[in-house]
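This report refers to the structure that appears directly beneath it.
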Amino acid sequence: MARLNVNPTRMELKKLKARLNTAVRGHKLLKDKSDEMIRRFTVMARENLALRREVEGELGRILGQFQVARSVTPAYRAEAAFAMPSGTVRAECSTASVMGLDVPRIALSGSASSVLPYAYFEITSEADYSVSMVAALLPKLLRLAEVEKSVRMLADEIERNKRRVNALEYVMIPQLEETIAYIREKLSENERAALVRIMKVKGKQQEM
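Everything in the sequence shown is counted per our numbering, starting at 1 for the first residue and increasing by one.
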């Protein structure tokens, strides 16, 4: 590890020791932050996996129900039932702080209309049930999108934090330690050289 290019003085030694203390504290804080982010990432990744399985399972059931609806209802009417809005729902997007990261939060407002946009004699109960299944799935779909984005953001931040930790642990701290050791050695050499000079001067004075 190449040492820093500084003058071997006591003032520089004092500055470098202060920088080393700061770097060591910063390394510990970043390491603690990394450990906590990994813990939260693990929790959110598990939730993400569970949600995805639920959503995929329910989508499969909806598709199966829709195929049943198409078998007993004219295809164009079954498809029209899905295309007709049955209410007004608004997704309100905001953010929440997780370990300093602004992760997305999505809240639903509004509800389905009590008046269906189609007549019962046009749509079978199978098609109507398919539509209600899709409406019930919407909150989980949005939660899945929210969690997946948060997991990706946390993964990116963990990687960035890891690079900072490694830069401190394997570059900056060793560099500072090596430079401090070098300055201490040079100061000791200078002190020994000064002592030798003083002893020589005293020896000459005694000879006179």
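The beta-carbon is built from N, C-alpha and C at its ideal position, and this holds for glycine as well.
Assigned exposure category for residue i - 16 Cβ within 10 Å defines buried
i	result
M11	exposed
T95	exposed
S109	exposed
S150	buried
M199	exposed
L13	buried
Nearest-angstrom Cβ-Cβ length linking residue i and residue j, presumed shorter than 8 Å
i	j	result
V147	N48	5 Å
L51	L144	5 Å
First through last residue of the alpha helix (DSSP H) which encompasses residue i
i	result
G64	R10 to V72
Between the CA atoms of residue j and residue i - distance to the nearest angstrom
i	j	result
K31	R19	18 Å
A119	V55	Unreliable placement is indicated for A119, whose pLDDT of 48 sits below 50; no coordinate value is reported for it.
E178	L168	14 Å
F66	G60	10 Å
R197	S188	14 Å
I38	A136	32 Å
S113	I106	Annotation note: pLDDT 49 at S113 (below 50); position unreliable, coordinate value reported separately. Straight-line Cα distance between these residues: approximately 21 Å.
L4	G57	59 Å
A2	P8	15 Å
I158	M133	37 Å
M153	E126	40 Å
K186	V103	51 Å
L101	S130	38 Å
K28	S34	10 Å
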